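Quick note on this note's numbering: the sequence shown kicks off at 2 and runs consecutively.
Comments concern the structure below.
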Amino acid sequence: MADGPLLRLDERVSRALLHPDRASELLADLGNIQVAVPILAVALGYVALRARRTGADRWWAEPAAAAVLMALVPVVIIPLKDLTARHGTHVMPPGPGYYPSGHTATAAVAYGSATLLLLPWLTTGRARRALVALCGLAVLGVSFGLVRRGYHWPLDVVASWCLCAVLLGSLWLFLGRRRPYGPRGANRPDPRQRPSPSAERP
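Right, here's the structure in full:
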């Protein structure tokens, strides 16, 4: 972590983007636990309530999976920070613990998990696209704010993107197995059940 072409590029990008201001600080704050986790909690409660009202089997499983994933973020991030021991930018106090970015991971997992849980409950394609766009803008905003404010190097942020892609991919696969058709497909026939003879008649 001391030298290399990738790190030199990282430092050049950081110098080009670094401009601490109030706007970048507000964007970075969207990755705070105090902001991102309550937003996720609201989404978890909404999905759990909707699933319970529809009589879904184990209606609590999907919100619980997202909550566990959120709890795993510090469990994964903190040992990586200790292992890499990368120092921060020149505007930050001396000391290691900046790689990967915990704020980026918090934002990506919280907003990404909320999006994955809410998507099947939205009834229009426009609403689903808007939700995905909003999630992407929030995570990119946090990432840009962290680099712009000087809280993190760009590579700190990119590393968290890669890590969270794996975490959110695991959640997506779990949700896909739980509801291959989504809540709106709850009335689809069970393929394990044989159709009645009358249903087979032309």
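Beta carbons: idealized from backbone N, C-alpha and C, even for Gly.
Quick caveat: nothing in here was measured; it's all calculated off a predicted structure.
Residue i versus residue j: straight-line alpha-carbon distance, rounded
{"i": "Val92", "j": "Tyr152", "result": "8 Å"}
{"i": "Trp122", "j": "Leu18", "result": "39 Å"}
{"i": "Ala62", "j": "Val133", "result": "22 Å"}
{"i": "Asp191", "j": "Ala108", "result": "With a pLDDT of only 43 at Asp191, under 50, the local geometry of the prediction cannot be trusted, and the value read off the model is given with reservation. Computed Cα separation, rounded: 38 Å."}
Bridge partner(s) assigned by DSSP for residue i
{"i": "His88", "result": "Pro97"}
Reference residue i; option with closest CA among the options
{"i": "Asp22", "options": "Phe175, Leu169 and Gly146", "result": "Gly146"}
{"i": "Leu84", "options": "Ala72, Leu174 and Tyr100", "result": "Tyr100"}
{"i": "Asp157", "options": "Leu81, Ala131 and Arg54", "result": "Leu81"}
{"i": "Val140", "options": "Leu27, Val14 and Gly5", "result": "Leu27"}
{"i": "Arg16", "options": "Ser114, Pro155 and Trp61", "result": "Pro155"}
Under the three-state DSSP convention, the category residue i falls into
{"i": "Ala67", "result": "helix"}
{"i": "Pro21", "result": "coil"}
{"i": "His104", "result": "helix"}
{"i": "Leu8", "result": "helix"}
{"i": "Tyr112", "result": "helix"}
{"i": "Ser15", "result": "helix"}
{"i": "Arg59", "result": "coil"}
{"i": "Leu81", "result": "helix"}
Segment contact, 8 Å Cβ cut-off, at least three pairs: the stretch 43-51 with the stretch 109-119: The stretch 43-51 is in contact with the stretch 109-119.
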